[in-house]
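Inspection log for the structure reproduced underneath, given as structure tokens.
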Amino acid sequence: MKYGGNTPCIEMRFEDPERLIIIDAGSGIRELGNHMMVHDLPKGDIRAEIFLTHTHWDHIMGFPFFTPIYVPGTQLKVYGPVTYEDDPLEEVVGGQLTYRYFPVRRTDLASRIEYIDLREGRFDLGDGITLTAKYLNHPLLCLGYRFEHHGKVFCTAYDTEPFQNLFCADPEDPSFDAAVAEEGEHVAKEENQRVENFFAGADLLVHDAQYTEKEYTSSKKGWGHSALEHVVSSARRAHVKRCALFHHEPVRTDAEMDALATQHCTPEDGQTTHTFFAREGMEIEL
Ligand SMILES: [Zn+2]
Ligand SMILES: [Zn+2]
1 MKYGGNTPCI EMRFEDPERL IIIDAGSGIR ELGNHMMVHD LPKGDIRAEI FLTHTHWDHI
61 MGFPFFTPIY VPGTQLKVYG PVTYEDDPLE EVVGGQLTYR YFPVRRTDLA SRIEYIDLRE
121 GRFDLGDGIT LTAKYLNHPL LCLGYRFEHH GKVFCTAYDT EPFQNLFCAD PEDPSFDAAV
181 AEEGEHVAKE ENQRVENFFA GADLLVHDAQ YTEKEYTSSK KGWGHSALEH VVSSARRAHV
241 KRCALFHHEP VRTDAEMDAL ATQHCTPEDG QTTHTFFARE GMEIEL
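Residue numbers (the working numbering): 1 to 286.
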């Protein structure tokens with residue numbers, strides 16, 4: 001009730017010139033679509049870009065319920081990483097609109113939707129907006145996004161967890177090889193440093209923080225989500241100004257979230273990173 005029950009969708013508005021960028025099409029995009037029908041459509045045809053972090057269902061499931069796709073004149077560009085070449089973005093996302101799942105077919109949509117594959121790199125989005133896309137550590141190809149505009153930096157880093165040493169680190173294990181284990185440690189450390197560099201100095205970072213350290217180390221390693229303790233310290237090291245902990249564990253109650261916030265979140269003191277739990281509908285100005 002307090003933190004929200006929808007799956008990821010972030011609305012990013014630019015004022016001059018007016019521009020709308022949406023990150024992810026989780027169930028939250030339904031509410032956004034309804035808002036746009038009332039506030040944006042009367043001003044003219046809807047134009048928006050949707051950047052998908054990845055195509056896990058919680059990040060695309062709201063797409064068929066995004067009302068602007070049924071409005072003639074709407075123009076959308078949908079960007080996202082593609083894991084398998086023979087499984088294009090248009091199929092993965094738009095494929096939810098087939099009679100098997102939904103009463104409307106993709107080919108019957110009134111809007112114009114363009115699908116664009118995205119890889120790691122730096123892109124000029126026009127109007128002085130630049131985007132850096134960075135691969136994260138998730139079971140499926142997943143991109144973190146860094147948007148820069150007029151000296152302000154907004155970053156997303158979800159769904160992700162710290163990179164681990166993929167080789168055996170237990171000297172008792174018969175497959176243990178000291179040199180290989182050391183190399184594995186080195187590579188993991190380097191990759192984690194790269195992620196921190198990616199969001200360094202951000203005015204706002206939205207970071208995966210699904211678990212507590214205890215939950216993570218006891219049974220959730222390799223699931224592709226981070227422990228909030230890790231995020232708090234990593235954002236601080238990277239001199240992030242504000243860090244929104246995001247992608248909450250769905251089974252937690254508001255009371256449990258409040259308790260975790262009291263324990264781990266850090267106040268706004270103008271010196272160190274201000275860390276807080278993201279809440280549905282929260283508006284932040286940069
Ligand atoms: Zn995911
Ligand atoms: Zn997710």
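In this text, a Cβ means the ideal position worked out from N, Cα and C, and glycines have one as well. Computed from a prediction, not measured in an experiment: that's the story for all the values here.
### Task
Would you grab the beta carbon distance between Leu-131 and Arg-146 for me? Rounded to a whole angstrom, and I think it's under 8 angstroms.
7 angstroms
### Query
Sorry if obvious, but does the Cβ on His-149 come closer than 7 angstroms to a heavy atom of ligand 2?
no
### Task
Below 6 angstroms CB to CB, which residues in the same chain sit around Pro-139 once its five sequence neighbours on both sides are set aside?
Gly-224
### Message
I need the straight-line Cα distance from Gly-281 to Ala-178, nearest angstrom please.
### Response
50 angstroms
### Query
Between the region 152-160 and the region 170-177, are three or more C-beta pairs nearer than 8 angstroms?
no
### Message
Please report the straight-line C-alpha distance between Val-232 and Pro-88, rounded to a whole angstrom.
### Response
36 angstroms
#### Entry: Same chain, Cβ closer than 6 angstroms to Glu-215, five either side skipped, listed in chain order
none
### Among Val-251, Ala-157, Arg-106, Leu-141, nearest to Asn-287 - alpha-carbon criterion
An answer regarding residue 287 cannot be provided, because it is not within the stretch 1 to 286 covered by the chain.
### Task
Could you say which of Arg-112, Ala-110, Glu-148, Asp-208 lies nearest to Asp-127 if we only look at CA atoms?
Glu-148
### Query
Exposed or buried, which one is Gln-96 when buried takes at least 16 other CB atoms within 10 Å?
buried
### Cβ-based burial, Phe-102 [other Cβ within 10 Å; buried from 16]
exposed
### Task
For the alpha helix (DSSP H) holding Pro-153, just list the boundary residues, first then last.
Here residue 153 is Val; the residue named in the question, Pro, does not match the sequence. Looking at the DSSP string, Val-153 is not in any alpha helix (DSSP H); the run it does join, the beta strand (DSSP E), is 152-157.
### Query
CB of His-59 to nearest heavy atom of ligand 2: below 7 angstroms?
yes
### Counted within 10 angstroms of its Cβ, other Cβ atoms place Arg-30 as buried (16 or more) or exposed
buried
### Message
Can you tell me whether Thr-74 is helix, strand or coil according to DSSP?
### Response
coil
### Task
Check each residue's C-beta against every heavy atom of ligand 1 and list, in chain order, those closer than 6 angstroms.
His-54, His-56, His-138, Asp-159, Gly-224
### Distance between Leu-143 and Tyr-84 (C-alpha atoms, nearest Å)
15 angstroms
### Task
Could you tell me whether any non-hydrogen atom of ligand 2 is closer than 7 angstroms to the CB of His-264?
no
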